[in-house]
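Note sheet for the following structure.
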Amino acid sequence: MKTPLSYWLSLPVAAAVLAPLAVLAWLGLQADLAFDASNAAIVINSVLLTVLTVFGAILLGVPLALATTYIRLPGRTLWLALLAAPLAMPSYLGAFAYFAAFGPGGTLETLTGVATPNVRGLAGATLVMTLYTYPFVLLTTRSALRHLNPAMLDAARTLGLSPGRALLSVVLPRARNGIAAGALLVALYTLSDFGTPAILRLDTFTRMIFVEYNAFGLDRAALLSLQLLALVAVILWLETRFGAERERPTRTATLDLGAGWRAATMTAGLLLMLAALALPLLVFGHYLWREGLGEFDPMLAWHSAYAAGLAAVAAVVVALPVAYAAGLGRGGRLLERIAHLGFGVPGIVLATALVYVGLQLSVLYQTLALLVIGYVLRFLPLAVGSLRTRLERIEHHQIAAARSLGAAPFEAFRRITLPLALPGIVAGAALVFLEAMRELPATLLLQPTGFETLATYLWRVYEAGYLGRGAVPALLLVLISAGALVALLTGEERAGEARGA
Numbered sequence: 001m002k003t004p005l006s007y008w009l010s011l012p013v014a015a016a017v018l019a020p021l022a023v024l025a026w027l028g029l030q031a032d033l034a035f036d037a038s039n040a041a042i043v044i045n046s047v048l049l050t051v052l053t054v055f056g057a058i059l060l061g062v063p064l065a066l067a068t069t070y071i072r073l074p075g076r077t078l079w080l081a082l083l084a085a086p087l088a089m090p091s092y093l094g095a096f097a098y099f100a101a102f103g104p105g106g107t108l109e110t111l112t113g114v115a116t117p118n119v120r121g122l123a124g125a126t127l128v129m130t131l132y133t134y135p136f137v138l139l140t141t142r143s144a145l146r147h148l149n150p151a152m153l154d155a156a157r158t159l160g161l162s163p164g165r166a167l168l169s170v171v172l173p174r175a176r177n178g179i180a181a182g183a184l185l186v187a188l189y190t191l192s193d194f195g196t197p198a199i200l201r202l203d204t205f206t207r208m209i210f211v212e213y214n215a216f217g218l219d220r221a222a223l224l225s226l227q228l229l230a231l232v233a234v235i236l237w238l239e240t241r242f243g244a245e246r247e248r249p250t251r252t253a254t255l256d257l258g259a260g261w262r263a264a265t266m267t268a269g270l271l272l273m274l275a276a277l278a279l280p281l282l283v284f285g286h287y288l289w290r291e292g293l294g295e296f297d298p299m300l301a302w303h304s305a306y307a308a309g310l311a312a313v314a315a316v317v318v319a320l321p322v323a324y325a326a327g328l329g330r331g332g333r334l335l336e337r338i339a340h341l342g343f344g345v346p347g348i349v350l351a352t353a354l355v356y357v358g359l360q361l362s363v364l365y366q367t368l369a370l371l372v373i374g375y376v377l378r379f380l381p382l383a384v385g386s387l388r389t390r391l392e393r394i395e396h397h398q399i400a401a402a403r404s405l406g407a408a409p410f411e412a413f414r415r416i417t418l419p420l421a422l423p424g425i426v427a428g429a430a431l432v433f434l435e436a437m438r439e440l441p442a443t444l445l446l447q448p449t450g451f452e453t454l455a456t457y458l459w460r461v462y463e464a465g466y467l468g469r470g471a472v473p474a475l476l477l478v479l480i481s482a483g484a485l486v487a488l489l490t491g492e493e494r495a496g497e498a499r500g501a
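In UniProt numbering, the protein residues as written are 1 to 501.
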């Protein structure tokens with residue numbers, strides 16, 4: 001049987017995804033870094049931050065998922081959107097805001113005259129990471145709850161169980177896979193995050209990899225990267241142990257817990273909105289009011305958008321054959337899984353490997369091309385996932401009809417498959433653009449000389465202690481993230497209306 005062209009086009013993509021891992025392994029073998037007390041502290045800090053953040057995210061996300069699913073909240077859809085909104089803000093912006101707001105001379109003390117403690121170290125990093133990751137648990141748990149049959153909850157209520165007992169004994173055990181899925185996403189995000197522990201001065205793998213890189217210890221940075229990847233591999237292995245179990249509900253259950261429960265839920269939601277959204281906006285708004293635009297260069301926004309736009313276009317071009325091959329057989333699905341490895345590799349780890357590649361290939365070193373390659377390898381799974389979902393909806397008989405009428409395979413692809421896949425292409429490009437705009441560690445390591453972006457400028461002003469100059473890039477990143485998400489959700493809604501028409 002003739003090998004499909006999409007397989008041949010996907011093979012270089014798979015090789016490009018695997019190459020950084022091979023580079024890290026080769027560099028790590030040359031390192032002379034021993035496993036000492038300092039290295040043990042890095043492991044302990046990273047594991048503790050991950051475990052505590054997962055616990056905090058479950059503690060917030062699960063009750064909110066129950067409330068937004070089963071309680072008759074006024075404006076339930078709006079509440080869900082607000083509670084999920086922290087996902088639109090990069091966690092390092094939250095860390096920047098909390099670093100600036102608390103402590104002697106912080107924004108809160110300046111505005112209120114009340115002294116506040118520093119928010120740094122393990123406690124501060126856990127607080128910030130929890131505030132910006134709990135929506136993962138909220139959304140995955142809520143999705144699991146909405147696919148449960150309400151008849152068992154109704155039966156428990158008729159047998160005399162209180163609403164709270166019914167939720168604990170009947171509902172939550174059946175939603176454990178959704179809770180686990182969200183917790184695993186939180187763990188992966190926390191392990192790979194660089195900005196929050198770096199800004200709040202907690203020595204984790206990501207921060208120390210950056211320190212070693214700046215000290216020209218590329219081999220030691222690679223060895224630390226391999227240790228971090230080992231922890232990521234454990235998380236990914238745990239993810240495979242939880243399968244999705246879905247029931248077939250005929251309706252969504254509701255519970256009338258009374259005005260007290262509704263008031264408590266809305267109060268908790270408002271407090272979270274104040275902590276995760278209002279406080280950062282207050283800090284950035286205060287700096288903007290106090291210092292104005294200052295020395296902000298609008299070219300920073302153009303650099304961010306230009307690099308992210310190139311990455312978005314390149315990612316969907318590269319993802320198209322991979323997503324197409326995934327629907328053709330076992331070999332294509334294997335190539336797709338390899339392409340997904342990039343998303344499991346923390347940005348700073350991937351960038352460390354690409355820096356070495358750039359040093360060996362001087363034509364790539366400190367070029368925009370290498371930065372775009374890093375973005376594509378990192379966020380390729382987002383484009384592949386969007387395209388794969390769209391391609392699976394295309395009826396095969398349409399392509400077969402075109403072939404029977406004499407169209408060559410490429411012509412059938414161009415005239416039938418590609419137009420029908422356009423919504424998936426747009427969605428994938430939007431996701432890659434959004435994540436590339438916000439990416440910090442890979443951009444710090446791979447940016448060309450003089451090519452500053454919004455994210456890297458924010459990092460520079462933090463390092464220099466000029467926190468007020470971070471207001472404009474921070475607010476722009478928030479606006480861009482929110483705008484991209486709104487555009488994406490609007491596009492999905494229109495696509496759904498078009499399918500229903």
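Don't be surprised by glycine CBs; every beta carbon is placed ideally from N, CA and C. Predicted model, so just to flag it, every value in this text is computed and none were measured.
*Hey, T367 and G374: beta-carbon distance below 9 angstroms or not?*
Position 367 of the sequence shown, counting from 1, holds the residue named residue 367. Position 374 of the sequence shown, counting from 1, holds the residue named residue 374. No, these two residues do not count as a Cβ contact at 9 angstroms.
*asked:* Considering only the alpha carbon of each residue, which of T112, L185 and L361 lies closest to A57?
replied: Translated into the one-based positions of the sequence shown, residue 57 becomes position 57. Of the listed residues, the one whose Cα sits closest to A57 is L185.
*Tell whether a beta-carbon distance below 9 angstroms holds between L454 and S304.*
Along the sequence shown, read from residue 1 onward, the residue named residue 454 stands at position 454. Along the sequence shown, read from residue 1 onward, the residue named residue 304 stands at position 304. Yes.
*CB-CB under 8 angstroms to L226, same chain, minus the five flanking residues each way: which ones, in chain order?*
Translated into positions along the sequence shown, residue 226 becomes position 226. Cβ neighbours of L226 beyond the five flanking positions: L24, A25 and G28.
*Measuring alpha carbon to alpha carbon, tell me which of V47, L82 and L49 ends up nearest L64.*
Walking along the sequence shown from the start, residue 64 turns up at place 64. For the residues V47, L82 and L49, the minimum Cα distance to L64 belongs to L82.
*Backbone secondary structure at W8 - three-state DSSP*: On the sequence shown, residue 8 is found 8 positions in, with the first residue counted as 1. Looking at W8 - three-state DSSP - the assignment turns out to be helix.
*Option in L445, G468, Y213 and D203 with minimal Cα separation from N39*: Locating residue 39 in the sequence shown gives position 39, where the first residue counts as 1. When each option's Cα is compared against that of N39, the closest is D203.
*Could you name the residues that DSSP lists as bridge partners for I373?*
For the purposes of this step, residue 373 is taken as the residue at position 373 of the sequence shown. The partner list for I373 (beta bridge, DSSP) is empty, contrary to what the question assumes.
*asked:* Determine whether the beta carbon atoms of Y189 and F136 lie at a separation below 9 angstroms.
replied: Your numbering for residue 189 matches position 189 in the sequence shown. Your numbering for residue 136 matches position 136 in the sequence shown. Yes, the pair counts as a contact, with Cβ atoms nearer than the cut-off.
*asked:* Here's the rule: buried if 16 or more other CB atoms are within 10 angstroms of the residue's CB, otherwise exposed. What is F296?
replied: Numbered from its first residue, the sequence shown carries residue 296 at position 296. F296 counts as buried, since no fewer than 16 other beta carbons sit within 10 angstroms of its beta carbon.
*Assuming A311 and A482 make a contact with CB atoms under 8 angstroms, what is their CB distance in whole Å?*
Sequence index remark: in the sequence shown, residue 311 carries index 311 (1-based). Sequence index remark: in the sequence shown, residue 482 carries index 482 (1-based). Their Cβ separation, rounded to whole angstroms, is 20 angstroms, which puts A311 and A482 out of contact at 8 angstroms.
*Determine the DSSP secondary structure at P321, reduced to helix, strand or coil.*
Numbered from its first residue, the sequence shown carries residue 321 at position 321. Reduced to three states, the DSSP call for P321 is helix.
*If you run the structure through DSSP and keep just helix, strand and coil, what is E492?*
In the sequence shown, residue 492 corresponds to position 492, counting from 1. At E492 the pLDDT is 49, less than 50, meaning the model places this residue with poor confidence; the figure from the coordinates comes in the next sentence. E492: helix per DSSP, three-state reduction.
*Do H286 and L111 come within 9 angstroms of each other at the CB atom, strictly closer than that value?*
For this step, residue 111 is matched to residue 111 along the sequence shown. For this step, residue 286 is matched to residue 286 along the sequence shown. Their beta carbons are under 9 angstroms apart, which means L111 touches H286 by this criterion.
_Status (buried if at least 16 other CB within 10 Å, exposed otherwise) for Q30_ = Sequence index remark: in the sequence shown, residue 30 carries index 30 (1-based). Q30 comes out exposed.
_If the criterion is Cβ atoms closer than 9 angstroms, does the pair L279 and A101 meet it?_
On the sequence shown, residue 279 is found 279 positions in, with the first residue counted as 1. On the sequence shown, residue 101 is found 101 positions in, with the first residue counted as 1. Yes, Cβ-Cβ distance for L279 and A101 is below 9 angstroms.
*Does the Cβ-Cβ distance between V432 and G344 come in under 9 angstroms?*
Indexing the sequence shown from 1 puts residue 432 at position 432. Indexing the sequence shown from 1 puts residue 344 at position 344. Contact: no.
*Could you tell me which of L477, P90 and P346 sits nearest to P298, measuring between CA atoms?*
As a first step, residue 298 must be located in the sequence shown, where it is residue number 298. Answer by Cα proximity: L477.
_Taking the alpha carbon of G113 as the reference point, which residue from R120, P104 and G121 has its own alpha carbon closest?_
As a first step, residue 113 is located in the sequence shown; it is residue number 113 there, counting from the start. If we check each option's Cα against that of G113, P104 comes out closest.
*asked:* I want to know whether the region 125-135 touches the region 84-93 - three or more CB-CB distances under 8 angstroms.
replied: Contact annotation: the region 125-135 touches the region 84-93, with at least three C-beta pairs closer than 8 angstroms.
*Report yes if the CB atom of G428 is closer than 9 angstroms to the CB atom of S386, and no otherwise.*
Numbered from 1 along the sequence shown, position 428 holds the residue referred to as residue 428. Numbered from 1 along the sequence shown, position 386 holds the residue referred to as residue 386. A Cβ-Cβ contact shorter than 9 angstroms links G428 with S386.
_What ranges does the beta strand (DSSP E) occupy inside the region 334-366, keeping only unbroken runs of at least 3 residues that lie completely in it?_
DSSP runs (the beta strand (DSSP E)) wholly in the region 334-366: none.
*If we ignore side chains and look at the alpha-carbon of each, how far apart do V170 and M152 end up?*
To locate residue 170, count along the sequence shown from 1; it is residue 170. To locate residue 152, count along the sequence shown from 1; it is residue 152. C-alpha of V170 to C-alpha of M152: approximately 7 angstroms in a straight line.
*Relative to the C-alpha of L59, which residue among W302, T141, I44 and G94 is closest?*
Within the sequence shown, the letter at position 59 stands for residue 59. Nearest C-alpha to L59: T141.
*Counted within 10 angstroms of its Cβ, other Cβ atoms place V439 as buried (16 or more) or exposed*: As a working note, residue 439 is residue 439 in the sequence shown. According to the sequence shown, residue 439 is Glu rather than Val. The residue is buried, with at least 16 neighbouring Cβ atoms inside 10 Å.
*Is residue 515 helix, strand or coil by DSSP?*
Beyond the ends of the chain as shown, which are 1 and 501, falls residue 515; an answer cannot be given.
*asked:* I'd like the list of long-range same chain contacts for I42, defined as Cβ closer than 7 angstroms, with 5 residues on each side in sequence excluded.
replied: Mapped onto the sequence shown, residue 42 falls at position 42. The residues are D203, T204, F205 and M208.
*The alpha helix (DSSP H) enclosing F136, as first and last residue numbers*: The residue you call residue 136 lines up with position 136 of the sequence shown. Run containing F136: G121 to R146, per the alpha helix (DSSP H) assignment.
*Mind reading off the beta-carbon distance from D193 to S91? Whole number of angstroms is fine, and I expect it under 8 angstroms.*
Locating residue 193 in the sequence shown gives position 193, counting from the first residue. Locating residue 91 in the sequence shown gives position 91, counting from the first residue. Sure, about 6 angstroms apart at Cβ, within 8 angstroms.
*Exposure of G500, with buried meaning 16 or more beta-carbon neighbours within 10 Å*: Taking the first residue of the sequence shown as 1, we reach residue 500 at position 500. Residue placement at G500 is flagged as unreliable, the pLDDT there being 47, under the threshold of 50; a coordinate-derived value is accordingly withheld.
*Would T265 pass as a contact of A67 if the rule is Cβ separation under 9 angstroms?*
Stepping through the sequence shown from its first residue, residue 265 is reached at position 265. Stepping through the sequence shown from its first residue, residue 67 is reached at position 67. In contact: T265 and A67 (Cβ atoms closer than 9 angstroms).
*Name the residue from V363, R174, L380 and I338 whose alpha carbon lies nearest to the alpha carbon of G347.*
As a first step, residue 347 must be located in the sequence shown, where it is residue number 347. Of V363, R174, L380 and I338, the residue nearest in Cα terms is L380.
*Can you grab the Cα-Cα spacing for the pair L11 / T267, in whole Å?*
As a working mapping, residue 11 is identified with position 11 in the sequence shown. As a working mapping, residue 267 is identified with position 267 in the sequence shown. Rounded to whole angstroms, L11 to T267 spans 53 angstroms at the Cα level.
*Taking the alpha carbon of A301 as the point to measure from, which residue in E452, V128, R120 and E109 has its own alpha carbon closest?*
As a working mapping, residue 301 is identified with position 301 in the sequence shown. Of the listed residues, the one whose Cα sits closest to A301 is E452.
*asked:* Suppose the cutoff is 8 angstroms on Cβ atoms and the five residues either side in sequence are ignored; what does the same chain contact list for E497 look like?
replied: Here residue 497 refers to the residue found at position 497 when the sequence shown is read from its first residue. Only weak support is given to the placement of E497: the predicted model assigns it a pLDDT of 49, under 50, and the value that follows is read from those uncertain coordinates. Counting only Cβ-Cβ distances below 8 angstroms, and skipping sequence neighbours, we find nothing.
*asked:* Checking 9 angstroms against the spacing of the C-beta atoms, do P448 and L371 come in under that value?
replied: Numbered from 1 along the sequence shown, position 448 holds the residue referred to as residue 448. Numbered from 1 along the sequence shown, position 371 holds the residue referred to as residue 371. For P448 and L371, yes; Cβs fall inside 9 angstroms.
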